[in-house]
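Residue numbers (full-length UniProt numbering): 1 to 564.
Where a beta carbon is used, it is the ideal one built from N, C-alpha and C, also for glycine.
Being a predicted model, the structure only gives us computed values, none of them experimental.
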């Protein structure tokens with residue numbers, strides 16, 4: 001691990017902010033590091049307001065999309081809501097279909113089968129629409145590169161509205177409307193919406209046009225918050241407002257589907273991290289192991305007993321997913337060793353029998369071990385399909401672009417992408433990808449970095465400080481949970497390794513010359529026990545956490561790393 005201390009912001013700005021807000025210097029420093037330099041900016045940060053959402057009509061093609069939907073409703077056309085099979089896609093379909101059903105009865109939903117149709121808009125989906133006299137398809141979280149598919153639909157008399165957030169190719173599909181803030185000709189002020197976020201902007205625009213009260217859209221924000229967390233988009237600007245209010249909906253008035261998932265979880269208040277680790281994997285498991293429509297059905301179900309039944313099915317899909325991804329990860333790690341590829345700049349592995357539904361998770365697991373851009377391939381029909389994951393600071397999408405002579409199709413983001421290629425191109429692609437990564441990656445990016453917000457002393461960690469810190473949530477990219485460094489720490493003598501295989505480190509620390517004593521827990525850091533033993537002095541990087549034990553709540557230091 002390399003520790004990088006963030007630069008200190010301008011002390012004049014920090015002091016002025018501390019005075020205006022009535023907070024201590026460490027809090028003002030953290031705000032300034034996040035670009036919050038004024039009282040007004042701090043107010044918007046701590047009290048995200050739905051009033052601050054941008055006008056949806058600032059998005060290119062929004063007026064055309066709304067007019068086409070209004071026309072379809074007025075003339076009682078059959079409309080199909082089409083979305084990808086991951087969390088962002090299934091929440092988008094649940095959001096759009098349930099909203100449209102309040103305006104018109106003839107709304108169908110469609111999620112492609114991961115195995116027979118693959119990612120994005122499929123010819124099968126268009127044929128299904130044609131067979132069922134559907135004349136308008138609203139595609140969410142996919143479609144920005146579906147030029148041939150949109151043209152095929154047009155030949156069958158089917159119009160397309162695309163709501164996507166992935167990077168467009170050189171050509172935009174000839175759909176009725178293409179909503180994507182990442183379009184170069186789109187001047188929408190916030191570019192980081194997820195697919196469900198773009199879908200929300202569309203229903204916001206329809207609602208405005210129909211003269212509806214903005215409150216009617218509140219119940220849909222739980223879906224948007226879940227997609228924001230699962231799709232790892234920045235929790236800044238508009239996403240922060242949507243995630244903040246969406247979390248509130250999940251905690252105060254969750255939809256039946258969420259209630260059913262959470263019935264097993266003994267948590268009173270969910271954070272965005274809980275959404276990412278509890279709700280999202282279960283929604284994802286449907287599309288990974290069975291079919292994404294199971295997730296849509298759960299998210300739109302209003303009957304409690306039926307929702308519990310659906311949640312039970314999804315729970316079993318998730319258990320199966322865990323077993324499968326664990327087994328494939330072991331095989332993939334063995335393959336890297338067998339081929340003696342431990343020292344490469346990239347990881348590219350393949351087995352024709354690996355389950356396509358979990359290769360993205362396996363790619364993430366491999367980056368935890370070897371920390372480098374990673375692709376995991378499996379056989380998909382006649383082709384090979386892969387999921388790509390990257391390391392912080394390296395754009396895997398650009399790297400794939402540089403290998404496109406060997407790829408049939410690809411799409412995605414800076415840190416996660418998917419692609420297909422001919423089996424005969426696998427070795428050529430693997431060699432080219434390694435070459436591109438080795439030539440372009442900054443070698444420092446191959447060592448995991450812990451970005452430290454500030455160095456503080458233990459006596460600065462007061463209940464008030466922690467109370468304000470909690471209001472920085474929801475945390476995520478662009479607004480990560482603050483990380484601190486403290487020097488001259490010693491264990492009070494009770495430090496030990498805990499857990500089934502003693503993998504975790506637990507101790508109680510004090511700082512020389514300072515007041516305050518705190519419990520410290522380091523998951524996966526059991527091997528560093530030597531660093532704290534025999535009252536040696538050490539330094540630590542950590543975030544702050546709440547520990548509840550026997551009804552007592554205390555602040556604890558959640559270790560990220562320690563060093564002498």
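Nearest neighbour of residue i, chosen from the options [CA to CA]
i, options, result
"residue 438", "374, 36, 226 and 552", "374"
"residue 477", "494, 496 and 451", "451"
"residue 243", "266, 213, 276 and 264", "276"
"residue 558", "63, 505 and 401", "505"
"residue 122", "133, 106 and 147", "147"
"residue 178", "226, 65, 116 and 114", "65"
"residue 487", "501, 457, 481 and 480", "457"
"residue 118", "539, 387, 553 and 321", "387"
"residue 60", "104, 145, 371 and 186", "186"
"residue 32", "52, 8, 22 and 222", "8"
"residue 546", "520, 537 and 92", "520"
"residue 367", "399, 192, 336 and 110", "336"
"residue 183", "164, 176, 194 and 175", "164"
"residue 238", "15, 149, 197 and 39", "197"
"residue 85", "364, 296 and 380", "296"
"residue 47", "539, 516, 471 and 321", "471"
"residue 426", "444, 416, 440 and 407", "407"
"residue 497", "43, 104, 489 and 507", "507"
"residue 131", "157, 329, 116 and 143", "157"
"residue 191", "489, 413 and 561", "413"
"residue 503", "484, 527 and 490", "527"
"residue 151", "73, 127 and 133", "127"
Residue environment, residue i, which counts as buried when at least 16 other CB atoms sit within 10 Å
i, result
"residue 170", "exposed"
"residue 112", "buried"
"residue 189", "exposed"
"residue 200", "buried"
"residue 216", "exposed"
"residue 27", "buried"
"residue 599", "Outside the displayed span of the chain (1 to 564) sits residue 599, for which this structure offers no information."
"residue 213", "exposed"
"residue 549", "exposed"
"residue 392", "exposed"
Start-to-end residues for the beta strand (DSSP E) that takes in residue i
i, result
"residue 378", "374–380"
"residue 350", "347–350"
"residue 5", "2–5"
"residue 409", "409–412"
Bridge partner(s) assigned by DSSP for residue i
i, result
"residue 421", "384"
"residue 450", "3"
"residue 563", "539"
"residue 416", "389"
N-terminal and C-terminal residue of the alpha helix (DSSP H) that residue i is part of
i, result
"residue 429", "426–440"
"residue 317", "304–338"
"residue 287", "280–289"
"residue 299", "293–300"
"residue 260", "256–262"
"residue 246", "237–252"
"residue 18", "11–21"
"residue 364", "359–370"
"residue 400", "396–401"
Within-8 Å CB hit, residue i to chain B
i, result
"residue 52", "Annotation note: the requested chain B is absent from the structure, which comprises a single protein chain."
- Task: Kindly provide the ranges of any alpha helix (DSSP H) runs that are 4 or more residues long and lie completely inside the UniProt domain "RecJ OB" (452–561), ordered along the chain.
- Result: 463–470 and 529–532
- Mind pulling the alpha helix (DSSP H) runs of 4 or more residues that sit fully within the stretch 24–67? DSSP runs (the alpha helix (DSSP H)) wholly in the stretch 24–67: 25–33 and 39–46.
- Go through the UniProt domain "DDH" (78–228) residue by residue and report every complete run of the beta strand (DSSP E) that reaches 3 residues or more, in order. 78–83, 107–110, 134–140, 159–163 and 177–179
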